[in-house]
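So the structure is just underneath, and the comments pick up after that.
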Amino acid sequence: NDPCGTGGARNGTCYTKEECQAKGGSFSGSCASGFGTFSIAGPVAGTTVTKAAGAISTLGGAIGDCTKDSFSVTSPGQSGSPVICGFNSGQHMIVDASDSCNLAAFNIGGMGSTRAWEVKGPSGCLQYFMGKSGVIASYNFPTKSTTVTNTVTHLSNQNYRICIKQEQGMCAICYIPSIVPGTPTEDNQVSFGLSISKPAATAKSSQGTNCQSDYLFIPNVEAAPVNLAIALGAAPGRVCGRIFSTVDDDAATASVCSRIKPFQIVVQTDLDEVTSDVAANADGAD
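Going by this note's numbering, the first residue of the sequence shown is number -12, and it counts up by one from there.
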């Protein structure tokens, strides 16, 4: 049975009332000229996905820590989600379903903000993106903003995988920060920044073994444009520092590409955030 619209934000599948009830679904309209019913399926074996429709509170006192609202999902026998909070409108996560049951933990503080979420499918990594282009953001990043101020920070203790569908005819994938000011300042930063620069007084890139605390792992990074005639060799995968690049000590933002399939990014942050040398490392969001 094909998917069909329900008149709301979700799609359904056309079944008879008896089939819908047997599958644990709920009625949400008619289909097939009145002979069927739009069914919104109930919990089934497969996957559990949560999609944020509003922010889950704000950060607490410790930089990057969730001390008021928080959200996480368990996946017994598999990798569950990290604990997230802050600004997450439009974000999503996907975790493997378990016969031992998945626990979605919503810890709501005393703030008066409205929170909303939705549980749906399918399977994959913690995040899954499709299309030939798009924007990927870490949890708590202000995705509706066009500038990155010194109040923006990633969440601590994150370790998850982002997958991107390989579209037809595409042999490689390239990433570049979506916000790159002409002259970055503390209140107008580049939208990439993890850890500090190796030369602490200058905003520069780092990679490989120089990235030990907070970093992105992009398999076998290479610079753009990708030359498919050159065989893949050993290349670092960890990218960090204040500048996004495929080489160490680069002062200019560059496109970072990968030919390894499936296309993926691993996000890794540790338990703590750097709070010293702020002025020396102002050219990038931590």
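By construction, the Cβ of each residue, glycine as well, lies at the ideal position given by its N, Cα and C atoms. All of these numbers come straight from a predicted model, not from anything done at the bench.
Between Thr233 and Ala218, the C-beta spacing is not below 8 Å. Counting only residues of its own chain and dropping the five nearest sequence neighbours on each side, Pro129 has a CB closer than 7 Å to the CB of Phe74 and Val139. For Asn137, the secondary structure class from DSSP, reduced to helix, strand or coil, is coil. Leaving aside the five residues that flank Cys112 on each side, the residues in its chain whose CB is nearer than 8 Å to its CB run, in chain order, Ile81, Tyr147, Arg148, Ile149, Cys150 and Gln251.
Put simply, the region 57 to 71 does not touch the region 237 to 245. Fewer than three CB pairs are less than 8 Å apart. Burial is judged here by how many other beta carbons sit within 10 angstroms of a residue's own beta carbon; Val122 has fewer than 16 and is exposed. Bridge partners of Asn94 according to DSSP: Ser57.
Restricting attention to Asp174, Asp257 and Ser182, the CA atom closest to the CA of Asn197 is found in Ser182. At a Cβ-Cβ threshold of 8 Å, Ile230 and Ala238 count as neighbours. Residue environment: Cys1 is assigned as buried (16 or more neighbouring CB atoms within 10 Å of its CB, all protein chains considered). For Arg246, there is no enclosing beta strand (DSSP E), as DSSP marks it with neither H nor E. Minimum Cα-Cα distance from Gln114 among the listed residues Thr3, Ile166 and Ser66 corresponds to Ser66. For Ile151, the uninterrupted beta strand (DSSP E) segment begins and ends at Asn146 to Ile151. Closest by C-alpha distance to Arg225, out of Asp236, Gly169 and Leu203, is Leu203. The beta carbon of Ser143 is closer than 8 Å to those of Ala49, Ile50, Gly51, Asp52, Thr256, Asp257, Leu258, Asp259 and Glu260 in its chain, skipping five residues each way along the sequence. Unbroken beta strand (DSSP E) stretches of 3 residues or longer found wholly inside the region 172 to 228: 192 to 194, 202 to 204 and 225 to 228, given in chain order. Less than 8 Å separates the beta-carbon of Pro63 from that of Ser85.
Beta bridge pairing from DSSP links Val254 with Tyr147 and Leu203.
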